[in-house]
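See structure below.
Protein chains: 2
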Amino acid sequence: MTIQGPAELFARRLGIDTYREYVVFLRSESTVCRAEGLRALSRVRVACGQREIVASLNIVHGDLIGDRQAGLSESAWVALGAAAGDTVSLSHPEAVESFSAVRRKIYGGRFTGAELDAIVRDLSAGHYSSVETAAFVTACAGDRMSPAETLQLTRAMVDAGTRLAWHQRPVMDKHCVGGLPGNRTTPIVVAIAAAGGLTVPKTSSRAITSPAGTADAMEVLAPVTLTLEHMRRVVEREGGCVVWGGAIALSPADDLLIQVERPLDFDSDAQLAASVISKKVAAGSTHLVVDIPVGPTAKLRSHEAAARLARTLTSLGGAFDLRVECLFTDGSQPVGFGIGPALEALDVLDVLHNAPTACALLRARALQIAARMLEIGGRCVAGEGPARAAHLLASGAAARKFESICDAQGGRREPRRANYRKDIVATQAGAVQAIDNRRLGRVAKLAGAPASPSAGLVLQAQLGQAVVVGQPLYTIHAQSPGELEYAAAYALRNPKILEIGSP
Amino acid sequence: MTIQGPAELFARRLGIDTYREYVVFLRSESTVCRAEGLRALSRVRVACGQREIVASLNIVHGDLIGDRQAGLSESAWVALGAAAGDTVSLSHPEAVESFSAVRRKIYGGRFTGAELDAIVRDLSAGHYSSVETAAFVTACAGDRMSPAETLQLTRAMVDAGTRLAWHQRPVMDKHCVGGLPGNRTTPIVVAIAAAGGLTVPKTSSRAITSPAGTADAMEVLAPVTLTLEHMRRVVEREGGCVVWGGAIALSPADDLLIQVERPLDFDSDAQLAASVISKKVAAGSTHLVVDIPVGPTAKLRSHEAAARLARTLTSLGGAFDLRVECLFTDGSQPVGFGIGPALEALDVLDVLHNAPTACALLRARALQIAARMLEIGGRCVAGEGPARAAHLLASGAAARKFESICDAQGGRREPRRANYRKDIVATQAGAVQAIDNRRLGRVAKLAGAPASPSAGLVLQAQLGQAVVVGQPLYTIHAQSPGELEYAAAYALRNPKILEIGSP
Chain A
7 MTIQGPAELF ARRLGIDTYR EYVVFLRSES TVCRAEGLRA LSRVRVACGQ
57 REIVASLNIV HGDLIGDRQA GLSESAWVAL GAAAGDTVSL SHPEAVESFS
107 AVRRKIYGGR FTGAELDAIV RDLSAGHYSS VETAAFVTAC AGDRMSPAET
157 LQLTRAMVDA GTRLAWHQRP VMDKHCVGGL PGNRTTPIVV AIAAAGGLTV
207 PKTSSRAITS PAGTADAMEV LAPVTLTLEH MRRVVEREGG CVVWGGAIAL
257 SPADDLLIQV ERPLDFDSDA QLAASVISKK VAAGSTHLVV DIPVGPTAKL
307 RSHEAAARLA RTLTSLGGAF DLRVECLFTD GSQPVGFGIG PALEALDVLD
357 VLHNAPTACA LLRARALQIA ARMLEIGGRC VAGEGPARAA HLLASGAAAR
407 KFESICDAQG GRREPRRANY RKDIVATQAG AVQAIDNRRL GRVAKLAGAP
457 ASPSAGLVLQ AQLGQAVVVG QPLYTIHAQS PGELEYAAAY ALRNPKILEI
507 GSP
Chain B
7 MTIQGPAELF ARRLGIDTYR EYVVFLRSES TVCRAEGLRA LSRVRVACGQ
57 REIVASLNIV HGDLIGDRQA GLSESAWVAL GAAAGDTVSL SHPEAVESFS
107 AVRRKIYGGR FTGAELDAIV RDLSAGHYSS VETAAFVTAC AGDRMSPAET
157 LQLTRAMVDA GTRLAWHQRP VMDKHCVGGL PGNRTTPIVV AIAAAGGLTV
207 PKTSSRAITS PAGTADAMEV LAPVTLTLEH MRRVVEREGG CVVWGGAIAL
257 SPADDLLIQV ERPLDFDSDA QLAASVISKK VAAGSTHLVV DIPVGPTAKL
307 RSHEAAARLA RTLTSLGGAF DLRVECLFTD GSQPVGFGIG PALEALDVLD
357 VLHNAPTACA LLRARALQIA ARMLEIGGRC VAGEGPARAA HLLASGAAAR
407 KFESICDAQG GRREPRRANY RKDIVATQAG AVQAIDNRRL GRVAKLAGAP
457 ASPSAGLVLQ AQLGQAVVVG QPLYTIHAQS PGELEYAAAY ALRNPKILEI
507 GSP
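These protein sequences, in sequence, are chains A and B.
For what it's worth, the numbering used here labels the leading residue of the first sequence as 7, then goes sequentially.
For what it's worth, the numbering used here labels the leading residue of the second sequence as 7, then goes sequentially.
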């Protein structure tokens with residue numbers, strides 16, 4: 007039933023970021039709460055004009071919220087398209103029908119395609135609470151999804167969002183199975199591949215828990231928030247782009263599932279594959295090179311696990327006519343000197359410009375991926391990719407292509423250097439035996455990355471390198487003295503971020 | 007690491023009721039958020055004096071929260087024992103170690119006793135987010151728990167909270183497997199059993215989604231928020247009590263699990279049994295009578311399902327030396343005339359006082375339960391319980407015992423009648439063929455129950471009864487004309503709450 011009469015409430019933007027979960031805040035004494043018997047964590051349907059959402063209810067005691075107000079989380083405010091002065095009406099939501107299929111799955115059933123369609127539709131529409139989403143994710147985890155179910159889930163995820171279509175063929179894409187900071191190969195790969203004549207309409211993400219996402223680093227060099235039409239013009243003119251995918255709703259259910267899967271840390275090949283492949287199919291890609299770093303602190307820790315994931319990705323991609331090629335790479339250390347948007351962007355420029363000081367690891371990794379892309383994209387015969395990619399880079403063709411892409415995206419930008427720096431030095435002599443990627447990322451975040459684009463750190467030593475006492479291991483960059491001190495204090499308390507062993 | 011220096015934040019009580027989930031609200035521009043790379047839904051450790059909790063983070067844009075403030079949800083404020091002017095320090099929490107056992111369970115493993123101990127300890131301490139709790143509940147649902155695991159879970163739940171011990175033996179208890187409004191047998195059963203010489207230290211709950219809990223109805227007649235010491239004195243003097251269990255932390259994990267299980271509606275015998283038995287074992291009970299209503303709109307819909315649940319309860323109770331007796335009762339309609347705290351209390355008094363207008367169904371149900379309690383408690387031989395219970399009620403012994411209990415709990419109270427009433431009448435002639443318990447409960451809540459104790463409704467017709475056009479089917483009671491109209495409007499839009507068929 008709809009709540010009417012005395013209970014027409016004024017929408018109030020509270021500015022509370024609950025990520026994707028819609029939350030409505032009502033005063034405990036309000037007529038609506040009393041009359042409807044609403045209590046904390048109830049689900050409530052909120053309508054504003056023609057739009058409506060289902061939100062979780064937080065009850066407020068005291069005067070944070072007025073009696074005639076409905077406070078809205080940022081996500082709810084945006085989803086309702088609310089404006090100051092708007093009123094909202096509240097009602098009890100219908101039970102989420104599709105969740106009964108989740109219950110059956112928990113009792114050992116199999117999902118049908120229609121059930122997965124309905125679940126993903128409800129998820130994308132925000133009808134699942136985070137608790138219901140967690141139950142769905144758990145019900146699918148632990149190899150409980152058959153290959154047929156994974157395929158149907160992926161298809162449902164693609165169908166629930168925007169799907170791009172390109173005139174050109176083939177349409178190339180790349181993906182890296184996370185876990186390594188500073189692995190900023192994408193802009194280099196796109197530049198080489200586009201210079202080699204391939205179509206690479208790359209959409210990238212911003213940092214979620216890392217010090218920088220590809221979109222954050224690229225934004226230091228050119229605008230990345232483009233409309234779909236602008237993105238199309240860039241790709242038609244230059245063959246490639248590197249834009250922020252967040253502006254385009256590709257597989258929106260994926261974002262919601264990842265948000266719950268990440269804290270739960272359920273490491274299921276099926277979920278990872280559905281996530282990656284749904285995004286790429288929605289982006290209209292026909293060929294995908296996947297970089298799978300393998301190493302003790304990377305996501306994949308054994309070659310067996312990496313090979314199993316590769317098989318799942320390849321077979322799932324095949325069902326959508328997406329050709330998937332997996333590269334197993336060294337995941338034992340960062341793949342660049344810099345960690346943080348601008349510092350990673352500078353690494354990218356150094357490689358593109360063939361600077362003598364460019365990071366050899368980053369250069370090699372980007373060439374490896376670009377080479378495979380040129381081969382499977384039909385721009386050279388198998389085995390000749392490495393030479394072709396190296397030539398495109400060394401000749402300056404990739405650098406010129408990259409500049410054209412930046413111009414087409416809205417204009418080249420100069421990376422800025424941070425004002426404050428501090429070296430963290432070796433306190434004993436020896437060789438660098440291990441690098442703790444996770445803590446290294448923490449230092450960069452404490453220094454201000456990614457919110458301060460020029461903040462982060464630059465590695466001065468690599469795995470296996472011999473160092474003497476007092477030699478800089480890495481340099482922290484920050485835009486304020488407070489953040490510099492803050493990051494340095496953490497670094498000094500954690501001397502084994504770069505572990506030095508007997509030489 | 008602990009966040010120090012510029013980031014000593016002032017605790018601010020926001021009054022936001024997030025139920026049991028601890029939430030901390032920080033401004034997006036705050037040094038802490040930037041420096042720590044904190045974002046929406048991160049988990050944060052919050053310390054205040056000697057206490058600390060792990061909370062979910064909501065990021066706030068704009069000026070709802072000051073830059074030097076940490077807004078706290080009501081649950082977080084209370085758990086930290088914070089006071090105005092207190093400062094809090096924030097840090098990244100350690101990963102919740104016990105959750106790795108949940109991950110293994112999802113991959114098909116079995117929980118060990120030590121793992122379940124650790125999980126329940128972390129749950130009770132508030133270290134699990136609602137998403138993690140949902141994953142645990144899902145991992146245990148659908149018959150995935152072996153009897154041994156269910157036993158260990160129950161033991162862990164008991165051990166995680168207060169455990170009462172009584173000098174007297176036996177210690178009697180009752181429980182009703184929900185689903186029926188107005189099933190207010192508890193005060194009558196306790197009065198009869200205590201009058202018959204049994205020890206019945208009954209702890210009851212308040213309404214969560216229903217129009218009244220036993221504690222709400224009892225509170226109309228006497229105080230129910232007693233300290234443990236006060237409760238002991240009542241039981242020592244009178245043999246029984248009916249108090250609110252919320253003041254005593256019996257099986258605190260149960261409250262947290264129920265909060266997630268209810269919206270997910272996972273109907274697992276193992277979870278239900280662990281919940282019921284852990285509460286009763288923690289309460290120090292030795293004998294338990296369980297009322298299991300069976301009917302089309304009750305929780306248990308078939309006798310097979312009821313019998314299966316009874317076997318699980320009996321066998322699990324046995325492992326804790328708790329003797330469990332299950333009674334299968336008629337769950338097709340409410341077991342009293344009134345629905346709402348005061349209206350149910352009036353039904354209770356009418357039965358205790360042998361009023362000619364007392365509800366026969368309620369009287370019969372209470373006698374049935376009390377009779378079984380007297381038999382298994384050794385106060386009469388098998389088969390003589392019904393006569394003994396009827397005598398204790400008819401003689402006035404139960405009524406006198408109830409008055410003494412009320413006095414011992416702090417003094418008898420008179421139920422108040424609501425100021426506003428409205429009859430909902432039959433619009434066609436015929437017999438009452440079905441009663442929609444769920445919608446009937448909704449009407450009582452719309453009228454103001456349980457927040458307004460005298461609000462609710464009184465049934466004027468029962469299943470099978472013949473009615474004529476214009477005859478009252480039920481009467482809505484409310485404390486304000488607005489609430490009365492509100493409930494009546496819903497009732498008129500739902501004419502089949504009492505369904506009338508051909509006579």
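We treat Cβ as the ideally placed atom computed from N, Cα and C, and that holds for glycine.
The structure displayed is predicted, hence computed values, not measured ones.
In this structure, B:L278 is the residue among B:V475, B:A455, B:L278, B:V94 with its C-alpha nearest to the C-alpha of T160 (chain B). Taking every protein chain shown into account, the CB of N425 (chain B) has fewer than 16 other CB atoms within 10 angstroms, so this residue is exposed.
In this structure, the beta-carbon distance from V60 (chain A) to Y28 (chain A) falls below 8 Å. Assignment of P456 (chain A) by DSSP, reduced to helix, strand and coil, places it in the coil class. Contact note: E381 (chain A) does not reach chain B at a C-beta cutoff of 9 Å; the least C-beta distance is about 37 Å. For the pair T209 (chain A) and R190 (chain A), the CB atoms are not nearer than the 8 Å cut-off. Beyond the five residues adjoining it in sequence on each side, S338 (chain B) comes within less than 7 Å, by CB distance, of G301, P302, L469 in the same chain, given in chain order. The CB of H67 (chain A) comes closer than 7 Å to the CB of G21, D23, E80 in chain B, given here in chain order. A check of alpha carbon separations from A259 (chain A) across A:G167, A:L204, A:A107, A:G245 identifies A:G167 as the nearest.
Annotated as proximal: L328 (chain B) and S291 (chain B), with beta-carbon spacing under 8 Å. From the beta-carbon of V52 (chain B), no residue of chain A is found nearer than 7 Å; the closest lies around 17 Å away. The DSSP-derived three-state label of Y25 (chain B) is coil. Of B:A395, B:A376, B:Q158, B:A88, the smallest CA-CA separation from G21 (chain B) is found for B:A88. Spatial neighbours of G245 (chain B) in its own chain (CB-CB distance under 6 Å, excluding positions within 5 residues in sequence) are listed in chain order as A200, T205. For F334 (chain B), there are no neighbours in chain A by C-beta distance under 7 Å, as the nearest C-beta there is about 24 Å away.
A contact is defined here as three or more CB-CB pairs under 8 Å, and the segment 419 to 433 of chain A meets this definition with respect to the segment 342 to 360 of chain A. In this structure, I298 (chain A) places its C-beta atom within 8 Å of the C-beta atom of C332 (chain A). When the beta-carbon positions are compared, R243 (chain A) and A414 (chain A) come within less than 8 Å of each other. Under the 10 Å beta carbon count, A218 (chain A) is surrounded by 16 or more other beta carbons and is classified as buried.
By the Cβ neighbour-count rule, E155 (chain A) is buried, with 16 or more other Cβ atoms within 10 Å of its own. At a Cβ-Cβ threshold of 8 Å, A437 (chain B) and A484 (chain B) do not count as neighbours. Contacts between V30 (chain B) and chain A, judged by CB atoms closer than 9 Å, are missing: the closest CB pair is about 12 Å apart. Look at C182 (chain B) here: in three-state DSSP terms it is strand. Under the three-pair Cβ rule at 8 Å, the segment 378 to 393 of chain B does not count as touching the segment 430 to 450 of chain B.
Under the Cβ distance rule, R190 (chain B) does not count among the residues neighbouring chain A, no pair being separated by less than 8 Å.
Note on V30 (chain B): 16 or more other CB atoms within 10 angstroms of its CB, so buried under the neighbour-count rule.
Considering only beta carbons, the part of the segment 127 to 149 of chain B lying closer than 9 Å to chain A consists of S135, S136, V137, E138, T139, A140, A141, F142, V143, T144, A145, A147, G148, D149, in chain order.
Looking at the backbone, the Cα of A124 (chain A) and that of C146 (chain A) are separated by about 15 Å.
Within the segment 405 to 429 of chain B, contact with chain A at the beta-carbon level (separation under 9 Å) is assigned to no residue. The beta carbon of F272 (chain A) sits closer than 8 Å to some beta carbon of chain B. Using a Cβ-Cβ cut-off of 7 Å, N64 (chain A) is close to I22, D23, T24 of chain B, given in chain order.
Partner residues in the beta bridge of T205 (chain B), as assigned by DSSP, are B:V177. When the alpha-carbon of R307 (chain B) is set against those of B:H293, B:K286, B:D336, the nearest one is in B:D336. For Y134 (chain B), there is no enclosing alpha helix (DSSP H), as DSSP gives it neither H nor E. Interface annotation, I112 (chain B): in contact with chain A, CB-CB separation under 8 Å. I430 (chain B) is positioned such that its CB atom lies no closer than 8 Å to that of A453 (chain B).
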